[in-house]
Amino acid sequence: MRVLVFDDQFSKKFAKNGAFGRNGFIRIIIQVLTFHKGPILKFYLHMPNIVLDSFQEVDQFMLLLSRNGVTDLVLTNSNQRYKLPSHVYSCLQLRKLDLENCFFKPPLEFEGFLNLEELFFENIDFAARLCGAKVNLPQLKKLCPETCKKVYNFNIKAIKLWNLTVIACHDAMLLWLLDSPCLFDVVIALQKPIQNFVRVEEMNLATVLSSLPKVRKFCIDSHYLKFLSTEEIPKLLPCELGSLRHLWLLDFELGDLDQLHGALCLIRNSPNLESLHMHMLRVQVEAQVDVGPASDHLESPNCLDCTLNHLETVDMEYLEGSRAELLFMKLLLAYSPFLEDITITPRGVLDALKILDIAKDVMLFPRASSKVKIMLLNPER
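For the sequence shown, my numbering assigns the number 1074 to the initial residue and increments by one for each residue that follows.
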(Lines of atoms letter the chains of each structure in order from A and count residues from 1; the text may use other names and numbers.)
(Lines give C-alpha, C1' and ligand atoms only; values in the text may rest on other atoms or scores of the structure.)
Protein backbone atom coordinates (compact mmCIF):
# COMPACT_ATOMS: atom_id res chain seq x y z
CA MET A 1 0.00 0.00 0.00
CA ARG A 2 1.66 3.19 -1.20
CA VAL A 3 -0.91 5.55 0.33
CA LEU A 4 -1.48 5.74 4.09
CA VAL A 5 -4.15 8.08 5.45
CA PHE A 6 -4.58 8.69 9.17
CA ASP A 7 -6.90 11.69 8.99
CA ASP A 8 -9.28 13.26 11.54
CA GLN A 9 -12.02 10.76 10.65
CA PHE A 10 -9.63 7.94 11.49
CA SER A 11 -8.81 9.36 14.93
CA LYS A 12 -12.47 10.17 15.72
CA LYS A 13 -13.63 6.69 14.79
CA PHE A 14 -11.07 4.87 16.90
CA ALA A 15 -11.45 7.23 19.86
CA LYS A 16 -15.23 6.72 19.80
CA ASN A 17 -14.79 2.95 19.90
CA GLY A 18 -12.35 3.22 22.80
CA ALA A 19 -9.55 1.66 20.79
CA PHE A 20 -6.82 3.77 22.30
CA GLY A 21 -6.17 5.91 25.32
CA ARG A 22 -3.57 8.55 25.97
CA ASN A 23 -0.99 7.45 23.43
CA GLY A 24 -2.96 4.67 21.77
CA PHE A 25 -3.39 6.74 18.62
CA ILE A 26 0.36 6.86 18.18
CA ARG A 27 0.68 3.17 19.00
CA ILE A 28 -1.74 2.15 16.25
CA ILE A 29 0.18 4.11 13.62
CA ILE A 30 3.48 2.63 14.83
CA GLN A 31 2.04 -0.88 14.40
CA VAL A 32 0.90 -0.11 10.87
CA LEU A 33 4.26 1.36 9.88
CA THR A 34 6.18 -1.48 11.54
CA PHE A 35 4.50 -4.08 9.33
CA HIS A 36 4.52 -1.94 6.20
CA LYS A 37 6.79 -2.97 3.34
CA GLY A 38 7.70 -1.01 0.24
CA PRO A 39 7.61 2.70 -0.60
CA ILE A 40 5.08 5.15 0.88
CA LEU A 41 4.25 7.74 -1.75
CA LYS A 42 1.49 9.57 0.14
CA PHE A 43 1.23 9.99 3.90
CA TYR A 44 -1.63 11.90 5.53
CA LEU A 45 -1.44 12.38 9.30
CA HIS A 46 -3.80 14.32 11.55
CA MET A 47 -2.62 14.80 15.12
CA PRO A 48 -5.76 15.11 17.27
CA ASN A 49 -6.03 17.18 20.41
CA ILE A 50 -4.74 14.54 22.81
CA VAL A 51 -2.10 14.69 25.52
CA LEU A 52 1.21 13.56 24.07
CA ASP A 53 4.27 12.79 26.16
CA SER A 54 6.31 14.23 23.31
CA PHE A 55 6.46 14.33 19.54
CA GLN A 56 9.27 11.78 19.44
CA GLU A 57 7.09 9.13 17.83
CA VAL A 58 5.93 11.61 15.18
CA ASP A 59 9.58 12.45 14.51
CA GLN A 60 10.14 8.76 13.91
CA PHE A 61 7.31 8.75 11.37
CA MET A 62 9.03 11.58 9.52
CA LEU A 63 12.36 9.73 9.56
CA LEU A 64 10.77 6.61 8.10
CA LEU A 65 9.03 8.65 5.39
CA SER A 66 12.27 10.35 4.39
CA ARG A 67 13.67 6.90 3.65
CA ASN A 68 10.66 5.65 1.68
CA GLY A 69 10.47 8.15 -1.18
CA VAL A 70 7.37 10.02 0.00
CA THR A 71 6.06 12.44 -2.65
CA ASP A 72 2.89 13.75 -0.92
CA LEU A 73 3.01 14.69 2.75
CA VAL A 74 -0.02 16.16 4.55
CA LEU A 75 0.34 16.95 8.24
CA THR A 76 -2.56 18.60 10.09
CA ASN A 77 -2.34 19.28 13.78
CA SER A 78 -4.92 20.09 16.47
CA ASN A 79 -2.34 19.70 19.22
CA GLN A 80 0.37 22.12 20.33
CA ARG A 81 2.52 23.55 17.55
CA TYR A 82 4.86 20.90 16.23
CA LYS A 83 8.48 21.59 15.36
CA LEU A 84 9.27 19.78 12.15
CA PRO A 85 12.34 17.56 12.50
CA SER A 86 15.26 17.81 10.10
CA HIS A 87 14.11 14.60 8.40
CA VAL A 88 11.26 16.47 6.68
CA TYR A 89 13.73 18.76 4.91
CA SER A 90 15.56 15.75 3.49
CA CYS A 91 12.44 14.48 1.69
CA LEU A 92 13.78 15.71 -1.62
CA GLN A 93 11.27 13.73 -3.71
CA LEU A 94 8.32 15.67 -2.31
CA ARG A 95 5.87 17.05 -4.87
CA LYS A 96 3.18 18.20 -2.43
CA LEU A 97 3.66 19.45 1.14
CA ASP A 98 0.69 20.49 3.29
CA LEU A 99 1.44 21.62 6.85
CA GLU A 100 -0.76 22.96 9.63
CA ASN A 101 0.22 24.32 13.06
CA CYS A 102 3.95 23.68 12.86
CA PHE A 103 7.28 25.45 13.29
CA PHE A 104 9.09 25.69 9.96
CA LYS A 105 12.78 25.97 10.81
CA PRO A 106 15.05 24.27 8.25
CA PRO A 107 18.64 23.35 9.09
CA LEU A 108 21.39 25.71 7.92
CA GLU A 109 22.41 23.41 5.07
CA PHE A 110 18.86 23.28 3.65
CA GLU A 111 18.81 24.52 0.04
CA GLY A 112 15.21 23.78 -0.95
CA PHE A 113 12.81 21.17 -2.27
CA LEU A 114 13.86 20.68 -5.86
CA ASN A 115 10.78 18.67 -6.94
CA LEU A 116 8.06 20.36 -4.89
CA GLU A 117 5.07 21.54 -6.98
CA GLU A 118 2.42 22.39 -4.35
CA LEU A 119 3.00 23.98 -0.94
CA PHE A 120 0.27 24.71 1.61
CA PHE A 121 0.92 26.40 4.96
CA GLU A 122 -1.69 27.05 7.65
CA ASN A 123 -0.85 28.55 11.03
CA ILE A 124 2.88 28.08 10.48
CA ASP A 125 5.52 29.95 12.46
CA PHE A 126 8.62 30.66 10.38
CA ALA A 127 10.98 30.96 13.28
CA ALA A 128 14.30 31.36 11.46
CA ARG A 129 15.45 33.84 8.85
CA LEU A 130 17.16 31.03 6.98
CA CYS A 131 20.39 33.02 7.09
CA GLY A 132 18.94 35.46 4.58
CA ALA A 133 19.35 32.96 1.74
CA LYS A 134 16.51 32.15 -0.65
CA VAL A 135 14.91 28.73 -0.47
CA ASN A 136 15.09 27.24 -3.96
CA LEU A 137 11.78 25.77 -5.18
CA PRO A 138 12.39 25.49 -8.94
CA GLN A 139 9.30 23.33 -9.71
CA LEU A 140 6.83 25.07 -7.38
CA LYS A 141 3.57 25.97 -9.11
CA LYS A 142 1.17 26.58 -6.22
CA LEU A 143 1.86 28.36 -2.91
CA CYS A 144 -0.84 28.97 -0.28
CA PRO A 145 0.15 30.44 3.12
CA GLU A 146 -2.75 31.13 5.52
CA THR A 147 -2.69 32.75 8.99
CA CYS A 148 1.08 32.29 9.25
CA LYS A 149 3.56 34.18 11.44
CA LYS A 150 6.90 35.72 10.53
CA VAL A 151 6.29 35.05 6.85
CA TYR A 152 8.93 37.67 6.03
CA ASN A 153 11.48 35.02 7.02
CA PHE A 154 10.30 32.74 4.23
CA ASN A 155 12.30 34.03 1.28
CA ILE A 156 11.85 31.77 -1.74
CA LYS A 157 12.90 31.51 -5.34
CA ALA A 158 10.14 29.96 -7.45
CA ILE A 159 10.49 30.81 -11.12
CA LYS A 160 7.56 28.53 -12.18
CA LEU A 161 5.05 29.71 -9.59
CA TRP A 162 1.69 30.40 -11.26
CA ASN A 163 -0.80 30.28 -8.35
CA LEU A 164 -0.34 32.33 -5.16
CA THR A 165 -2.96 32.55 -2.41
CA VAL A 166 -2.06 34.59 0.68
CA ILE A 167 -4.73 34.65 3.42
CA ALA A 168 -4.43 36.61 6.69
CA CYS A 169 -0.61 36.82 6.58
CA HIS A 170 -0.06 40.45 7.55
CA ASP A 171 3.72 40.33 7.52
CA ALA A 172 4.21 38.47 4.25
CA MET A 173 6.99 39.77 2.02
CA LEU A 174 4.59 39.99 -0.89
CA LEU A 175 6.98 41.65 -3.31
CA TRP A 176 9.29 38.68 -2.85
CA LEU A 177 6.46 36.21 -3.32
CA LEU A 178 5.28 38.06 -6.43
CA ASP A 179 8.73 37.83 -8.02
CA SER A 180 7.82 35.12 -10.51
CA PRO A 181 7.58 35.49 -14.29
CA CYS A 182 4.78 32.87 -14.58
CA LEU A 183 2.41 34.17 -11.90
CA PHE A 184 -1.08 33.99 -13.45
CA ASP A 185 -3.48 33.46 -10.52
CA VAL A 186 -3.16 35.63 -7.39
CA VAL A 187 -5.35 35.88 -4.27
CA ILE A 188 -4.43 38.31 -1.47
CA ALA A 189 -6.81 38.77 1.45
CA LEU A 190 -5.99 40.19 4.88
CA GLN A 191 -9.51 39.49 6.23
CA LYS A 192 -9.18 42.25 8.82
CA PRO A 193 -7.60 45.71 9.05
CA ILE A 194 -3.90 45.97 9.81
CA GLN A 195 -3.28 47.52 13.22
CA ASN A 196 0.04 48.29 14.90
CA PHE A 197 1.89 46.86 11.94
CA VAL A 198 5.38 47.93 10.97
CA ARG A 199 5.90 47.73 7.22
CA VAL A 200 8.62 45.31 6.20
CA GLU A 201 8.59 46.60 2.63
CA GLU A 202 7.44 49.68 0.78
CA MET A 203 4.25 48.83 -1.06
CA ASN A 204 1.49 50.69 -2.79
CA LEU A 205 -0.98 49.71 -5.48
CA ALA A 206 1.40 50.68 -8.30
CA THR A 207 4.36 48.66 -6.95
CA VAL A 208 2.28 45.54 -6.34
CA LEU A 209 0.54 45.60 -9.72
CA SER A 210 3.81 46.28 -11.54
CA SER A 211 5.00 42.93 -10.14
CA LEU A 212 2.08 41.15 -11.83
CA PRO A 213 2.63 41.69 -15.58
CA LYS A 214 1.12 38.32 -16.58
CA VAL A 215 -1.62 37.86 -13.99
CA ARG A 216 -4.89 36.60 -15.50
CA LYS A 217 -6.98 36.27 -12.34
CA PHE A 218 -6.55 38.69 -9.44
CA CYS A 219 -8.52 38.48 -6.19
CA ILE A 220 -8.04 41.15 -3.52
CA ASP A 221 -10.02 42.08 -0.42
CA SER A 222 -10.87 45.55 0.79
CA HIS A 223 -8.48 45.47 3.75
CA TYR A 224 -5.45 44.86 1.56
CA LEU A 225 -6.54 47.41 -1.03
CA LYS A 226 -7.02 50.00 1.72
CA PHE A 227 -3.56 49.15 3.02
CA LEU A 228 -2.14 49.87 -0.43
CA SER A 229 -4.08 53.15 -0.67
CA THR A 230 -2.10 55.07 1.94
CA GLU A 231 -0.64 57.02 -0.97
CA GLU A 232 -2.72 58.75 -3.61
CA ILE A 233 -3.88 56.30 -6.27
CA PRO A 234 -3.11 57.46 -9.82
CA LYS A 235 -5.64 57.16 -12.61
CA LEU A 236 -3.18 55.39 -14.87
CA LEU A 237 -0.47 53.02 -13.69
CA PRO A 238 3.05 52.93 -15.20
CA CYS A 239 2.20 49.51 -16.70
CA GLU A 240 -1.34 48.46 -17.54
CA LEU A 241 -2.58 44.97 -16.64
CA GLY A 242 -2.96 43.75 -20.19
CA SER A 243 -3.17 40.07 -19.22
CA LEU A 244 -5.82 40.46 -16.50
CA ARG A 245 -9.07 38.76 -17.49
CA HIS A 246 -10.87 38.09 -14.18
CA LEU A 247 -11.02 40.44 -11.18
CA TRP A 248 -12.46 39.57 -7.75
CA LEU A 249 -13.06 42.27 -5.13
CA LEU A 250 -13.95 40.84 -1.71
CA ASP A 251 -15.65 42.44 1.33
CA PHE A 252 -15.98 45.80 -0.39
CA GLU A 253 -17.73 48.94 0.74
CA LEU A 254 -18.21 51.12 -2.31
CA GLY A 255 -19.17 54.01 -0.06
CA ASP A 256 -15.56 54.08 1.17
CA LEU A 257 -13.76 56.53 -1.13
CA ASP A 258 -10.35 54.80 -0.78
CA GLN A 259 -11.80 51.42 -1.75
CA LEU A 260 -13.72 53.00 -4.63
CA HIS A 261 -10.58 54.69 -5.98
CA GLY A 262 -8.70 51.39 -5.79
CA ALA A 263 -11.45 49.44 -7.55
CA LEU A 264 -11.73 52.02 -10.34
CA CYS A 265 -7.95 52.06 -10.76
CA LEU A 266 -7.89 48.27 -11.20
CA ILE A 267 -10.75 48.35 -13.71
CA ARG A 268 -9.39 51.35 -15.63
CA ASN A 269 -5.95 49.77 -16.02
CA SER A 270 -7.27 46.36 -17.16
CA PRO A 271 -8.15 46.91 -20.84
CA ASN A 272 -8.87 43.22 -21.49
CA LEU A 273 -10.97 42.54 -18.40
CA GLU A 274 -13.70 39.96 -19.13
CA SER A 275 -15.35 39.34 -15.76
CA LEU A 276 -15.78 41.33 -12.56
CA HIS A 277 -16.93 39.72 -9.30
CA MET A 278 -17.69 41.88 -6.28
CA HIS A 279 -18.63 40.65 -2.82
CA MET A 280 -19.85 43.50 -0.64
CA LEU A 281 -19.14 43.69 3.06
CA ARG A 282 -21.35 41.05 4.65
CA VAL A 283 -21.69 42.42 8.18
CA GLN A 284 -23.18 45.61 9.48
CA VAL A 285 -20.61 47.99 10.92
CA GLU A 286 -21.45 50.23 13.83
CA ALA A 287 -19.73 53.30 12.40
CA GLN A 288 -21.12 53.72 8.92
CA VAL A 289 -18.85 55.52 6.47
CA ASP A 290 -19.92 58.77 4.87
CA VAL A 291 -21.00 57.65 1.39
CA GLY A 292 -21.45 61.22 0.13
CA PRO A 293 -17.90 61.73 -1.28
CA ALA A 294 -17.92 58.32 -2.99
CA SER A 295 -21.34 58.93 -4.53
CA ASP A 296 -20.30 62.37 -5.72
CA HIS A 297 -17.19 60.89 -7.32
CA LEU A 298 -19.26 58.25 -9.13
CA GLU A 299 -21.41 61.00 -10.61
CA SER A 300 -18.47 63.10 -11.80
CA PRO A 301 -17.99 63.24 -15.60
CA ASN A 302 -14.50 61.67 -15.68
CA CYS A 303 -15.03 59.03 -13.04
CA LEU A 304 -14.11 55.99 -15.16
CA ASP A 305 -12.95 57.77 -18.32
CA CYS A 306 -12.58 54.60 -20.45
CA THR A 307 -14.67 52.06 -22.31
CA LEU A 308 -14.67 48.46 -21.09
CA ASN A 309 -14.62 46.79 -24.50
CA HIS A 310 -14.05 43.25 -23.25
CA LEU A 311 -16.17 43.12 -20.09
CA GLU A 312 -18.82 40.42 -20.50
CA THR A 313 -19.82 39.33 -16.99
CA VAL A 314 -20.47 41.23 -13.75
CA ASP A 315 -21.43 39.50 -10.50
CA MET A 316 -22.32 41.59 -7.43
CA GLU A 317 -23.23 39.88 -4.15
CA TYR A 318 -24.60 41.05 -0.78
CA LEU A 319 -25.90 44.37 -2.11
CA GLU A 320 -27.80 46.69 0.21
CA GLY A 321 -28.96 49.01 -2.53
CA SER A 322 -26.96 52.01 -1.32
CA ARG A 323 -26.60 55.03 -3.56
CA ALA A 324 -22.93 54.25 -4.17
CA GLU A 325 -23.69 50.65 -5.20
CA LEU A 326 -26.42 51.71 -7.62
CA LEU A 327 -24.24 54.43 -9.16
CA PHE A 328 -21.42 51.91 -9.60
CA MET A 329 -23.73 49.54 -11.48
CA LYS A 330 -24.98 52.44 -13.57
CA LEU A 331 -21.37 53.25 -14.47
CA LEU A 332 -20.61 49.68 -15.56
CA LEU A 333 -23.75 49.48 -17.69
CA ALA A 334 -22.91 52.78 -19.39
CA TYR A 335 -19.29 51.91 -20.25
CA SER A 336 -19.53 48.20 -21.19
CA PRO A 337 -20.75 47.86 -24.81
CA PHE A 338 -20.27 44.08 -24.91
CA LEU A 339 -21.65 43.23 -21.47
CA GLU A 340 -23.73 40.03 -21.58
CA ASP A 341 -24.71 39.26 -17.99
CA ILE A 342 -24.95 41.19 -14.76
CA THR A 343 -26.01 39.17 -11.71
CA ILE A 344 -27.22 40.90 -8.54
CA THR A 345 -27.63 39.09 -5.21
CA PRO A 346 -29.07 41.27 -2.40
CA ARG A 347 -28.29 40.75 1.26
CA GLY A 348 -30.66 38.50 3.14
CA VAL A 349 -31.63 41.18 5.65
CA LEU A 350 -33.38 43.24 2.99
CA ASP A 351 -37.15 43.07 2.75
CA ALA A 352 -39.03 42.40 -0.48
CA LEU A 353 -39.91 46.07 -1.02
CA LYS A 354 -36.25 47.16 -0.85
CA ILE A 355 -35.24 44.42 -3.29
CA LEU A 356 -37.98 45.54 -5.67
CA ASP A 357 -36.66 49.12 -5.49
CA ILE A 358 -33.17 47.89 -6.44
CA ALA A 359 -34.59 46.04 -9.44
CA LYS A 360 -36.58 49.08 -10.60
CA ASP A 361 -33.55 51.38 -10.37
CA VAL A 362 -31.25 49.03 -12.26
CA MET A 363 -33.77 48.39 -15.02
CA LEU A 364 -34.00 52.14 -15.71
CA PHE A 365 -30.23 52.64 -16.09
CA PRO A 366 -28.98 53.33 -19.66
CA ARG A 367 -27.08 50.44 -21.20
CA ALA A 368 -24.28 50.51 -23.74
CA SER A 369 -24.90 46.85 -24.55
CA SER A 370 -28.12 45.87 -26.32
CA LYS A 371 -27.85 42.20 -25.31
CA VAL A 372 -27.07 42.47 -21.59
CA LYS A 373 -29.23 40.33 -19.30
CA ILE A 374 -29.82 41.52 -15.74
CA MET A 375 -30.54 38.76 -13.23
CA LEU A 376 -31.72 39.36 -9.66
CA LEU A 377 -31.16 36.27 -7.52
CA ASN A 378 -32.63 35.30 -4.18
CA PRO A 379 -31.03 37.10 -1.22
CA GLU A 380 -28.03 35.50 0.48
CA ARG A 381 -27.80 35.50 4.24
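Backbone N, C-alpha and C define an ideal beta-carbon position, used for all residues, glycine too.
Remember, it's a predicted structure, so these values are computed and weren't measured experimentally.
| query | result |
| --- | --- |
| Which of helix, strand or coil does DSSP assign to N1188? | coil |
| Between the C-alpha atoms of K1290 and Q1129, what's the straight-line distance to the nearest angstrom? | 43 angstroms |
| Does the segment 1227-1237 come close enough to the segment 1249-1256 to have 3 or more Cβ pairs within less than 8 angstroms? | yes |
| Taking the alpha carbon of G1394 as the point to measure from, which residue in L1330, A1407 and L1426 has its own alpha carbon closest? | L1426 |
| Pairs of beta-carbons, one from the segment 1319-1338 and one from the segment 1278-1292, closer than 8 angstroms: are there three or more? | yes |
| Starting from W1235, trace the alpha helix (DSSP H) both ways and give me its first and last residue. | That residue, W1235, is in no alpha helix (DSSP H); it is neither H nor E in DSSP. |
| Skipping 5 residues on each side, what residues in its chain have a beta carbon closer than 8 angstroms to that of R1341? | K1308, L1309, L1377, D1378 and C1379 |
| Is the distance from the Cβ of E1390 to the Cβ of M1353 below 8 angstroms? | yes |
| Can you name, in chain order, every residue of its own chain whose Cβ lies under 8 angstroms from the Cβ of R1075, other than the five neighbours on each side? | G1111, P1112, I1113, L1114 and K1115 |
| Note down, in chain order, each residue of its chain lying with its Cβ closer than 6 angstroms to the Cβ of M1135, except the 5 sequence neighbours on either side. | P1158, H1160 and V1161 |
| Take K1215 and list the residues in its own chain whose beta-carbon comes closer than 6 angstroms to its own, dropping the five residues that flank it on each side. | E1191 and N1236 |
| Have a look at the DSSP bridge pairing and note the partners of W1321. | C1292 and H1350 |
| Helix, strand or coil for H1119? Go by DSSP, reduced to three states. | strand |
| Would you decide whether N1150 is buried or exposed? Buried here means 16 or more other CB atoms lie within 10 Å of its CB. | buried |
| Please name the residue or residues paired with F1194 in a DSSP beta bridge. | L1172 and P1218 |
| Here's a check: name, in chain order, each residue in its chain whose Cβ is nearer than 8 angstroms to the Cβ of P1211, leaving out the five neighbours to either side. | G1185, L1187, K1230, A1231, I1232 and K1233 |
| Report yes if the CB atom of I1197 is closer than 8 angstroms to the CB atom of C1217, and no otherwise. | no |
| So the candidates are D1331, L1148, G1328 and S1295; which of them puts its Cα closest to the Cα of Q1264? | S1295 |
| Are there 16 or more other CB atoms within 10 angstroms of the CB of I1267, so buried, or fewer, so exposed? | exposed |
| Output needed for D1434: all residues of its chain with C-beta closer than 7 angstroms, excluding positions within five of it in sequence on either side, in chain order. | L1399 |
| Starting from the C-beta of H1334, find all residues in its chain whose C-beta is less than 7 angstroms away, skip the five residues before and the five after it, and write them out in chain order. | S1302 and I1306 |
| Which residue marks the beginning of the alpha helix (DSSP H) containing M1402, and which one marks its end? | R1396 to A1407 |
| Tell me whether R1140, by its Cβ, gets closer than 7 angstroms to a heavy atom of the ligand GTP. | No copy of the ligand GTP appears in this structure; indeed no ligand is present at all. |
| Count the other CB atoms, across all protein chains shown, that sit within 10 Å of the CB of A1360; report buried if there are 16 or more and exposed otherwise. | Per-residue confidence for A1360 stands at a pLDDT of 47, beneath the threshold of 50, marking its modelled position as unreliable; no derived number is given. |
| If you reduce the DSSP assignment to three classes, tell me which class F1411 lands in. | coil |
| Tell me whether the beta-carbon of H1383 lies closer than 8 angstroms to the beta-carbon of F1401. | no |
| Which two residues bound the contiguous beta strand (DSSP E) that contains M1077? | Residue identity check: residue 1077 is Leu in the sequence provided, not Met. V1076 to F1079 is the extent of the beta strand (DSSP E) around L1077. |
| Can you name the start and end residues of the beta strand (DSSP E) that A1262 belongs to? | D1258 to A1262 |
| Return the chain-ordered list of same chain residues with a C-beta closer than 6 angstroms to the C-beta of L1450, the five sequence neighbours on each side being excluded. | T1418 |
| What separation, rounded to the nearest whole angstrom, lies between the Cα atoms of L1077 and A1336? | 46 angstroms |
| Just to confirm my understanding: we take L1327, look at its own chain, exclude 5 residues before and 5 after, and list those with CB closer than 6 angstroms. What are they? | L1333, A1397, E1398 and F1401 |
| Between L1167 and V1143, is the Cβ-Cβ spacing less than 8 angstroms? | yes |
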